[in-house]
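Position one of the sequence shown corresponds to residue 5 (the numbering used here), numbered consecutively onward.
C-beta: ideal position from N, C-alpha, C; glycine also.
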Amino acid sequence: MKILFYDTKPYDRESFERVASQYENLTVEYLKTDISEKTVSLACGYDAVCLFVASDASAPILRALAECGVRLILLRCAGFNNVDLREADRLGITVMRVPGYSPEAVAEHAMALAFAVNRHIHKAYIKVRENNFALIGLTGMNFHGKIAGIIGTGKIGAAMCRICHGLGMKVIGYDMYKNPSLDFVEYVELDELLAKSDLISLHCPLLESTYHMIDRTAIAKMKDNVILVNTSRGALISTEDLIYGIRQHKFAGVGLDVYEEEQENVFENREDDILESSVTARLLSFPNVIVTSHQGFLTVEALEAISKTTLDNAESFRLGTPIAENIVK
Ligand code: NAI
């Protein structure tokens, strides 16, 4: 089975190369470019294409893939909102994904952001490099003994609960479903979580019901000097309302791995560009805000798990027994 990978970065290729040798009957080739109407024809002669979270798998692209003889789309990510599933089904193209890889990778990044904004590591790093050894402006708080409010206690939220518990924090959670593995977590209503928490971390998916769940009203309910972390999806937070809250001095710190306007920026080096969105520029202008570019998943372990599941998906399809829970319909 021949698979063509689109939109690959060096870390993707390294990770897949390490795993690919275990699959004798899969041949893998990599492209740097993403799939588009111009590049889709490169897939002619391949059985499958491997795409990433923002690749264009709209109906015209799928039709071109089908004409090329591609029968399988391997998503090397959990999300699939970029694929026109109805058209894929009509064309007889199977779509498979990696539903979960390393929840700890994302939770550890969430805590890294919380630590960094709390202890001003981003400022301290620059100051010391400039021979400024003064400590003014670097005061943080102990997390030990404070309250962590975790919104969404699924796989990643649960890992974040365990990290916070390990730090000696009291952990409160909000979710429609209690996670039975978290016997140390007290489940509360959202308003109570917002009002009580010293650290709030978001780990629920972006749905119609969670869109802008952190807006001006929610921010007003939070404690002063709260730390807010988002490693889930940008649109859980209304950025305009967040900026308003930051200007009101509501937050000790804000750590964002995701933000509403990230689509054009994610995984791209845009250092010579003038950015279209002034919202991102405003966010970056605040001294107590740290933004990273959707890198929560980026650990050796997570990449290896993604590579392994993606190639397991390909192999199972090749053998005529595709792994049912990884098929997207
Ligand atoms: P999961 O499905 O295991 O857990 C999500 C939890 O959120 C579930 O327990 C669900 O009941 C809960 N939930 C749903 N609606 C809710 C609501 N309105 N309020 C509170 N809780 C609600 O998902 P997992 O694997 O923990 O991932 C969580 C999110 O992390 C993903 O949706 C994704 O957006 C994000 N993510 C970010 C990555 C990054 O690199 N920054 C990488 C992977 C995922």
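Tell me whether Gly249 counts as near the ligand NAI, meaning its Cβ is closer than 6 angstroms to at least one heavy atom of that ligand.
Your numbering for residue 249 matches position 245 in the sequence shown. For Gly249, the distance from the CB to the nearest heavy atom of the ligand NAI is not below 6 angstroms.
Cβ pair count under 8 angstroms reaching 3, the stretch 258-266 against the stretch 283-298
Output reads yes: the stretch 283-298 touches the stretch 258-266.
Is Thr31 close to chain D, meaning its C-beta is less than 7 angstroms from at least one C-beta of that chain?
Here there is only one protein chain, and chain D is not present.
Cβ-Cβ distance between Ala306 and Tyr105 below 7 angstroms
Within the sequence shown, residue 306 is the residue found at index 302, counting from 1. Within the sequence shown, residue 105 is the residue found at index 101, counting from 1. With contacts defined as CB atoms closer than 7 angstroms, Ala306 and Tyr105 qualify as a contacting pair.
Given 8 angstroms, three or more beta-carbon pairs between the stretch 111-130 and the stretch 140-148:
yes
Out of curiosity, what's the CA-to-CA distance linking Val132 and Leu246?
In the sequence shown, residue 132 corresponds to position 128, counting from 1. In the sequence shown, residue 246 corresponds to position 242, counting from 1. Computed Cα separation, rounded: 30 angstroms.
According to DSSP, is Thr98 helix, strand or coil?
Taking the first residue of the sequence shown as 1, we reach residue 98 at position 94. Strand, per DSSP.
How is Gly238 classed by DSSP in three states: helix, strand or coil?
The residue labelled residue 238 in the question sits at position 234 within the sequence shown. Three-state result, Gly238: helix.
Grab the span of the alpha helix (DSSP H) containing Ala82 for me, first residue to last.
The count along the sequence shown starts at 1 and reaches residue 82 at position 78. From DSSP, Ala82 is part of no alpha helix (DSSP H); its letter is neither H nor E.
Integer-rounded CB distance, given that Glu91 should sit under 8 angstroms from Leu55:
Position 51 of the sequence shown, counting from 1, holds the residue named residue 55. Position 87 of the sequence shown, counting from 1, holds the residue named residue 91. Contact doesn't hold; Cβ gap of about 14 angstroms is too wide.
Any heavy atom of the ligand NAI closer than 6 angstroms to the beta-carbon of Asp277?
Counted from its first residue, the sequence shown places residue 277 at position 273. For the ligand NAI, not one heavy atom lies less than 6 angstroms from the Cβ of Asp277.
Which parts of the stretch 153-216 are runs of the beta strand (DSSP E), unbroken and 3 residues or longer, counting only runs that do not cross its ends?
174-178, 203-206
Leaving aside the five residues before and after Thr43 along the sequence, list all residues of the same chain whose C-beta is less than 6 angstroms from its C-beta, in chain order.
Looking up residue 43 in the sequence shown gives position 39. So the qualifying residues of the chain are Thr37.
For Cys48, the three-state DSSP class (helix, strand or coil):
Position 44 of the sequence shown, counted from the first residue, corresponds to residue 48. Three-state DSSP puts Cys48 in coil, outside helix and strand.
May I ask you to report which of helix, strand or coil DSSP gives Tyr27?
Here residue 27 is taken as the residue at index 23 of the sequence shown, counted from 1. Coil, per DSSP.
Ignore the nearest five residues each way along the sequence and tell me which others in Ser297's own chain have a CB closer than 8 angstroms to its CB.
Looking up residue 297 in the sequence shown gives position 293. Excluding sequence neighbours, Ser297 sits near Asp261, Glu266, Asn269, Val270, Phe271.
Could you tell me if the beta carbon of Phe301 falls within a distance shorter than 6 angstroms of some heavy atom in the ligand NAP?
As for the ligand NAP, it is missing from this structure, which binds only the ligand NAI.
Does Met226 pass the burial test, meaning 16 or more other C-beta atoms within 10 Å, or should it be called exposed?
The residue you call residue 226 lines up with position 222 of the sequence shown. Result: buried.
Roughly how many angstroms lie between the CA atoms of Glu244 and Ala58, to the nearest whole one?
In the sequence shown, residue 244 corresponds to position 240, counting from 1. In the sequence shown, residue 58 corresponds to position 54, counting from 1. Computed Cα separation, rounded: 24 angstroms.
Does the beta-carbon of Ser236, which I'm using as the reference point, lie nearer than 6 angstroms to any heavy atom of the ligand NAI?
Within the sequence shown, numbered from 1, the residue matching residue 236 stands at position 232. Under cutoff, so the answer is yes.
Please say whether Met5 and Asp51 have beta carbons closer to each other than 7 angstroms?
Counted from its first residue, the sequence shown places residue 51 at position 47. Counted from its first residue, the sequence shown places residue 5 at position 1. Yes; because the gap between Cβ atoms is below 7 angstroms, this pair is in contact.
Once the 5 residues before and after Leu279 are set aside, which same chain residues still bring their CB inside 7 angstroms of it?
The count along the sequence shown starts at 1 and reaches residue 279 at position 275. If we look at Leu279 and ignore the five residues flanking it on each side, its Cβ neighbours are Ala285.
So for Gly73, helix, strand or coil by DSSP?
In the sequence shown, residue 73 corresponds to position 69, counting from 1. Coil.
Alpha carbon to alpha carbon, how far is Leu171 from Leu186?
Position 167 of the sequence shown, counting from 1, holds the residue named residue 171. Position 182 of the sequence shown, counting from 1, holds the residue named residue 186. Approximately 15 angstroms, taken between the alpha carbons.
Three-state secondary structure (DSSP) of Phe255
Numbered from 1 along the sequence shown, position 251 holds the residue referred to as residue 255. Secondary structure of Phe255 (DSSP, three-state): strand.
Taking Cβ to Cβ, would you say Asp179 is nearer than 7 angstroms to Thr214?
The count along the sequence shown starts at 1 and reaches residue 179 at position 175. The count along the sequence shown starts at 1 and reaches residue 214 at position 210. Result no, Cβ atoms of Asp179 and Thr214 do not sit closer than 7 angstroms.
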